[in-house]
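**Q** Going down the list, the protein sequences come from chains A and B. The first sequence begins at 1 in the numbering used here and counts up one residue at a time. The second sequence begins at 458 in the numbering used here and counts up one residue at a time.
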Amino acid sequence: MTDRYTSFVNGGVGKGVAKRLGLPRPQVLRRYEVGQPLLDGSALVGGVGDAPLRGALTETLRSAGVELLEGEAVSSSGTKMAAVVVDATAARLITDLDDLRGVLQPTLRRLAPCARVLVVGSDPDQHADPQAAATQRALEGIVRSLGKELRAGATANLLLVDEAALSGSAVEVLESPLRFFLSARSAYVDGQPVRIRPAEVHEPADWTQPFAGQVVVVTGAARGIGASIATVFSRDGAHVVCVDLPAAGEALAKTANRVDGTALQLDITAPDAGERLAQHIAARHGGRLDVVVHNAGITRDKLLANTDADRWGSVLDVNLAAQLRINEVLLDPDRPGGLADGGRIVSVSSTSGIAGNRGQANYAASKAGVIGLVHALSAQLADRRITVNAVAPGFIETEMTAKIPLGTREVGRRINSLSQGGQPVDVAETIAWLAGPASGGITGQVVRVCGQSQLGA
Amino acid sequence: MAPPATRSAVVVGGNRIPFARAGGPYAHASNQDMLTVTLDGLVARFGLTGERIGEVAAGAVLKHSRDFNLTREAVLGSRLSPHTPAYDVQQACGTGLEAAILVAGKIALGQIDSGIAGGADTASDAPIAVNEGLRRALLDASHARSTVDKLKALAGLRPGQVVPETPRNAEPRTGLSMGEHQARTAAEWQIGREEQDALTVASHHHLAAAYDRGFFDDLVTPYLGLTRDQNLRPDTSLEKLARLKPVFGKDLGDAATMTAGNSTPLSDGASAVLLASENWAAEHSLPALARFVDAETAAVDYVHGAEGLLMAPAYAVPRLLARQGLSLQDFDYYEIHEAFASTVLTTLAAWQSEQFCRERLGLDAPLGSIDRDKLNVNGSSLAVGHPFAATGARIVATLAKELHDQPGETGRGLISICAAGGQGVVAILEAVK
Ligand SMILES: NC(=O)c1ccc[n+]([C@@H]2O[C@H](COP(=O)([O-])OP(=O)(O)OC[C@H]3O[C@@H](n4cnc5c(N)ncnc54)[C@H](O)[C@@H]3O)[C@@H](O)[C@H]2O)c1
């Protein structure tokens with residue numbers, strides 16, 4: 001789906017017109033391509049206090065091929081910065097926050113387009129001391145405001161590291177989120193805090209092929225975001241089992257063939273959907289299932305005042321109940337074709353599930369429900385090293401949103417810090433990151449892919 | 458040299474597009490379009506992108522001259538490896554099953570490890586031939602050297618000669634349409650209207666039930682917005698069918714029983730079935746649904762009136778049974794192609810007739826009757842529609858899946874397809890569990 005406005009104001013004539021009229025000019029976001037360097041430019045690593053992670057962060061970036069600003073270059077205002085990473089985990093006092101300001105402030109006018117600001121803090125909920133908790137919580141306020149202040153496609157995000165992960169070798173859990181947030185894969189994720197827990201981490205032999213040898217199920221893969229998810233997983237090495245309604249089979253076959261995967265025509269609301277999925281995995285893929293992405297979803301919008309049981313029920317069944325039933329089957333450890341220990345579940349929620357939306361009580365119920373599911377299930381599966389997360393897309397340019405009336409659509413697309421709608425691939429990249437073998441430290445989280453939309457923020 | 462050892466060819470699975478009525482949603486799709494998309498659906502179902510298959514054998518009955526290499530062109534347009542060889546087969550309505558027999562035979566002989574059999578037909582995009590006079594004149598003109606000679610060649614044309622000839626569903630040797638032929642056979646065998654309508658209702662109801670229970674989820678891939686066979690009437694009934702007027706054998710008076718309801722409509726569609734050696738299937742982690750056991754083709758002399766046009770399967774089946782040492786009752790499923798309801802019923806009646814079995818088949822006793830609950834359990838051509846060359850692979854894939862799904866330890870199914878030119882192609886499948 002095209003956003004004509006963004007193309008226009010960035011084109012030859014439109015650029016001038018937009019400038020004169022003072023119209024917002026959304027940046028064409030840098031997006032991931034195979035072979036692309038992590039950053040288009042150099043990065044600065046800073047710290048607050050003793051900054052215990054600073055060394056590890058520096059090392060990780062260096063090994064990922066990032067050029068670091070050091071010595072003279074730090075203060076020479078001529079060099080643009082592609083990223084600023086600050087270890088603020090040691091901040092305990094309100095006054096420590098001024099150190100953070102001190103690190104960030106001089107960099108902000110030197111940021112390159114689509115630059116990344118990444119603050120690393122420690123989980124405020126783990127601090128008993130009120131001032132320490134307040135200080136760490138303050139980081140969120142800073143990052144969220146910064147996200148709104150930054151221009152030209154730059155984003156600001158926050159990693160909250162578990163106290164236990166701060167010590168020793170557990171620092172490896174940071175590499176996957178670090179790489180994601182710095183890279184173009186996180187193009188449309190802005191102003192988001194993500195918690196990182198200690199976990200066993202499997203660093204992929206090749207970071208461009210993290211899913212090599214893995215089998216991934218994607219529901220709703222015929223079109224839209226699901227088709228993009230299938231493409232991204234396949235690009236990153238997975239064999240993708242593409243699931244969609246039998247009636248969507250024509251598009252599904254196209255997706256499956258495009259990603260060299262397989263098409264499985266299956267209504268996820270069928271009572272035996274989980275069994276059929278497990279049987280398929282058992283018979284066709286040696287019984288090994290690594291990742292399940294619950295993406296299939298529908299809307300049946302109406303004011304609650306006009307919503308009948310049918311409209312209500314169908315949305316809850318497809319968007320929520322079906323995945324609960326399927327999970328139950330796939331999570332039976334004795335079932336051939338079930339999800340392997342160390343596997344991943346990622347569900348697609350929505351900002352409507354967080355903020356609610358007029359005329360979407362049924363949809364918001366289902367998408368908020370997904371968040372509840374993710375919280376409970378992640379705790380339940382921790383000892384099997386299975387992570388369960390959700391993404392909450394905001395306004396994504398798909399056939400679903402193309403149906404929204406123009407006025408509402410234009411508002412939906414602009415009321416976020418990046419002044420544009422996201423692309424399906426932005427959601428897909430975020431899901432693939434959460435599902436990656438090195439992302440074991442992230443579970444029970446809901447990551448918004450919304451360009452820091454003001455809805456429910 | 459020792460004769461080659463044989464091994465089993467198994468049915469891995471199939472794919473087809475929903476069959477449409479002529480002039481329906483596929484009105485502008487060509488045979489090549491439909492065959493290509495059908496192959497691609499099969500590729501998607503079994504994860505075969507870039508795979509070199511031993512061979513693809515398929516065909517069409519109503520075929521444009523430009524489609525001289527239809528199947529190979531479809532393969533090249535598909536996501537199969539371009540190194541997959543292909544050839545066209547044409548045996549009227551027997552095309553698809555004959556293609557499967559060819560592929561299964563090569564697999565059994567070890568000549569290939571995998572193969573796809575199929576067919577496509579469009580009654581909407583049928584070739585229109587020019588009148589014989591015009592064709593001659595055009596050819597003469599194109600062979601002529603000078604412009605004057607070219608004009609001379611065309612000058613002799615008369616208005617009547619520029620009218621195109623549309624293909625007719627008629628036997629070249631009798632001038633009678635297939636329906637008219639069958640109407641005579643049905644009358645001869647005294648096949649009643651109500652029996653035919655009942656078989657038709659069963660076909661529609663069975664097909665609808667199969668769709669509803671998801672049976673076709675891994676057999677059919679929607680195309681051009683059509684998600685189920687267009688001809689399917691889930692709510693049809695004896696009462697509704699009884700209201701239709703006979704369309705064939707109208708000169709037979711009261712003996713005219715064949716209506717548009719109990720005859721298959723002209724249809725568009727395509728189908729394909731994947732066959733392989735058991736090894737190949739296992740190596741690719743693909744299922745083996747059923748073994749392709751054996752097949753037989755027969756032909757009858759309908760030209761001189763000795764036998765009905767569509768009676769050849771009645772001859773082919775006993776020959777196949779004899780070779781396999783089986784009786785007609787040794788089957789769990791019967792797939793008898795419903796060209797017309799009356800074709801199925803005459804075939805069954807013939808096998809029950811002592812006289813027919815003795816005089817025509819040379820048997821001591823009739824083959825007997827079959828358990829009608831085992832007949833066309835997932836519907837057949839009356840409900841599905843019948844794009845001529847696409848019916849064979851449809852039936853092979855459908856039967857193989859049914860055999861595999863049924864709970865018993867073993868299962869055996871019989872396929873019987875009648876074809877124009879007085880031919881009949883029949884085959885036996887056995888479940889692999
Ligand atoms: N587009 C957005 O802006 C947006 C925003 C937030 C969340 N989402 C969510 O993202 C997901 C994908 O949305 P999209 O925009 O790509 O929508 P879409 O309608 O383009 O695609 C959804 C797919 O799910 C399939 N599906 C529906 N019911 C199914 C069932 N019972 N069984 C199997 N498959 C089924 C559909 O056939 C379709 O192919 C949905 O969960 C949606 O709620 C989208």
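For every residue, glycine included, the Cβ atom is placed at its ideal position computed from N, Cα and C.
Name the two residues that bound the continuous alpha helix (DSSP H) containing residue 107 of chain A.
**A** It is not in any alpha helix (DSSP H) - residue 107 of chain A carries neither H nor E in the DSSP assignment.
**Q** Give me, in chain order, the residues of the same chain whose beta-carbon lies closer than 6 angstroms to that of residue 718 of chain B; leave out the 5 immediate sequence neighbours on both sides.
**A** Hits under 6 angstroms: 657, 698, 701.
**Q** Answer yes or no: does any C-beta atom of chain B fall closer than 8 angstroms to that of residue 202 of chain A?
**A** Closer than 8 angstroms: no.
**Q** Per the contact definition of three or more C-beta pairs closer than 8 angstroms, is the segment 742–759 of chain B in contact with the segment 675–684 of chain B?
**A** The segment 675–684 of chain B vs the segment 742–759 of chain B: no contact.
**Q** Does chain B have any CB closer than 8 angstroms to the CB of residue 266 of chain A?
**A** Yes, because at least one Cβ of chain B sits closer than 8 angstroms to the Cβ of residue 266 of chain A.
**Q** Say whether the segment 806–826 of chain B touches the segment 845–853 of chain B, bearing in mind that this needs 3 or more beta-carbon pairs closer than 8 angstroms, one atom from each stretch.
**A** The segment 806–826 of chain B is not in contact with the segment 845–853 of chain B.
**Q** Please check if any C-beta of chain B sits within less than 8 angstroms of the C-beta of residue 249 of chain A.
**A** Yes - at least one Cβ of chain B is within 8 angstroms of the one on residue 249 of chain A.
**Q** For residue 426 of chain A, which option in A/183, A/255, A/156 has the closest C-alpha, if you only look at C-alpha atoms?
**A** Nearest option by C-alpha distance: A/183.
**Q** Given that residue 501 of chain B touches chain A, what residues does it touch there, using C-beta distances under 9 angstroms?
**A** Those are 242, 249, 252, 253, 254, 255, 256, 257, 261, 262, 263, listed as they occur along chain A.
**Q** Quick check on residue 420 of chain A: buried or exposed, where buried means 16 or more other Cβ atoms within 10 Å of its Cβ?
**A** Buried.
**Q** Please compile the residues from chain A whose C-beta is within a distance smaller than 8 angstroms of the C-beta of residue 742 of chain B.
**A** In chain order: 283, 284, 285, 286.
**Q** Given the structure, does residue 637 of chain B come close to ligand 2, in the sense that its CB is under 7 angstroms from one of the ligand's heavy atoms?
**A** Summarising the ligand content, the structure contains ligand 1 and does not contain ligand 2.
**Q** Give me the DSSP bridge partner(s) of residue 193 of chain A.
**A** Answer is A/158, bridged to residue 193 of chain A.
**Q** Taking only runs of the beta strand (DSSP E) that begin and end inside the segment 780–815 of chain B, which ones reach a length of at least 3 residues, in chain order?
**A** The segment 780–815 of chain B contains these whole beta strand (DSSP E) runs: 790–793.
**Q** Report the CB separation of residue 839 of chain B from residue 887 of chain B in whole angstroms; it is logged as a contact under 8 angstroms.
**A** The Cβ separation is near 26 angstroms, so there is no contact.
**Q** Considering only C-alpha positions, which residue in the set A/357, A/389, A/385 is nearest to residue 395 of chain A?
**A** If we check each option's Cα against that of residue 395 of chain A, A/357 comes out closest.
**Q** Closer than 8 angstroms by C-beta to residue 419 of chain B: which residues in its own chain qualify, once you throw out the five before and the five after it? Chain order, please.
**A** The shown model of chain B, from 458 to 890, leaves out residue 419 of chain B, and the question about it has no answer.
**Q** With DSSP as the reference, label residue 509 of chain A as helix, strand or coil.
**A** What is shown of chain A runs 1 to 457, which leaves residue 509 of chain A out entirely.
**Q** Do residue 241 of chain A and residue 233 of chain A come within 8 angstroms of each other at the CB atom, strictly closer than that value?
**A** Their beta carbons are not under 8 angstroms apart, which means residue 233 of chain A does not touch residue 241 of chain A by this criterion.
**Q** So with CB distances below 8 angstroms, who are the chain B contacts of residue 246 of chain A?
**A** Ordered by position in chain B, the residues that pass the 8 angstroms Cβ test against residue 246 of chain A are 671, 673, 674, 677, 679, 684.
**Q** In chain order, what residues of the same chain lie with their CB nearer than 6 angstroms to the CB of residue 484 of chain B, ignoring the 5 residues before and after it?
**A** So the qualifying residues of the chain are 581.
**Q** Sort out for me which residues DSSP pairs residue 875 of chain B with in a bridge.
**A** Looking at the DSSP assignment, residue 875 of chain B forms a beta bridge with B/881.
**Q** Please report the straight-line C-alpha distance between residue 364 of chain A and residue 348 of chain A, rounded to a whole angstrom.
**A** Looking at the two C-alpha atoms, the distance is approximately 12 angstroms.
**Q** Can you find at least 3 beta carbon pairs, one from the segment 490–498 of chain B and one from the segment 774–794 of chain B, that sit closer than 8 angstroms?
**A** With the cut-off at 8 angstroms, the segment 490–498 of chain B and the segment 774–794 of chain B do not touch.
**Q** Verify whether the separation of the beta carbon atoms of residue 315 of chain A and residue 391 of chain A is less than 8 angstroms.
**A** Against a cut-off of 8 angstroms, the Cβ pair of residue 391 of chain A and residue 315 of chain A comes out as no contact.
**Q** Could you check if residue 219 of chain A belongs to the surroundings of ligand 1, using beta carbon to heavy atom distance under 7 angstroms?
**A** Checking every heavy atom of ligand 1 against the Cβ of residue 219 of chain A, one is found closer than 7 angstroms.
**Q** In three-state terms, what does DSSP make of residue 704 of chain B?
**A** Residue 704 of chain B: coil per DSSP, three-state reduction.
**Q** Determine, using beta-carbon pairs with one atom in the segment 373–392 of chain A and one in the segment 426–439 of chain A, whether at least three such pairs fall under 8 angstroms.
**A** Flag = yes, the segment 373–392 of chain A and the segment 426–439 of chain A touch.
**Q** For ligand 1, is there any heavy atom lying closer than 7 angstroms to the beta carbon of residue 319 of chain A?
**A** Indeed, a heavy atom of ligand 1 lies less than 7 angstroms from the Cβ.
**Q** According to DSSP, residue 680 of chain B sits in a beta bridge with which residue or residues?
**A** Partner(s): B/683.
**Q** For residue 377 of chain A, tell me which candidate among A/323, A/251, A/82, A/244 has the shortest Cα-Cα distance.
**A** The residue with the shortest Cα to Cα distance from residue 377 of chain A is A/323.
**Q** Note down, in chain order, all residues in the segment 835–868 of chain B with a beta-carbon under 8 angstroms from any beta-carbon belonging to chain A.
**A** Within the segment 835–868 of chain B, no residue qualifies.
**Q** Are the beta-carbon atoms belonging to residue 297 of chain A and residue 220 of chain A less than 8 angstroms from one another?
**A** It is a contact, given that the beta carbons lie within the stated cut-off.
**Q** Counting Cβ pairs closer than 8 angstroms, one from the segment 400–411 of chain A and one from the segment 192–200 of chain A, do we hit at least three?
**A** No contact exists between the segment 400–411 of chain A and the segment 192–200 of chain A.
**Q** Report yes if the C-beta of residue 469 of chain A is less than 7 angstroms from at least one heavy atom of ligand 1; otherwise report no.
**A** In the structure as shown, chain A starts at 1 and stops at 457, and residue 469 of chain A therefore has no counterpart that could be examined.
**Q** Nearest chain A C-beta to residue 497 of chain B closer than 8 angstroms, yes or no?
**A** Yes - at least one Cβ of chain A is within 8 angstroms of the one on residue 497 of chain B.
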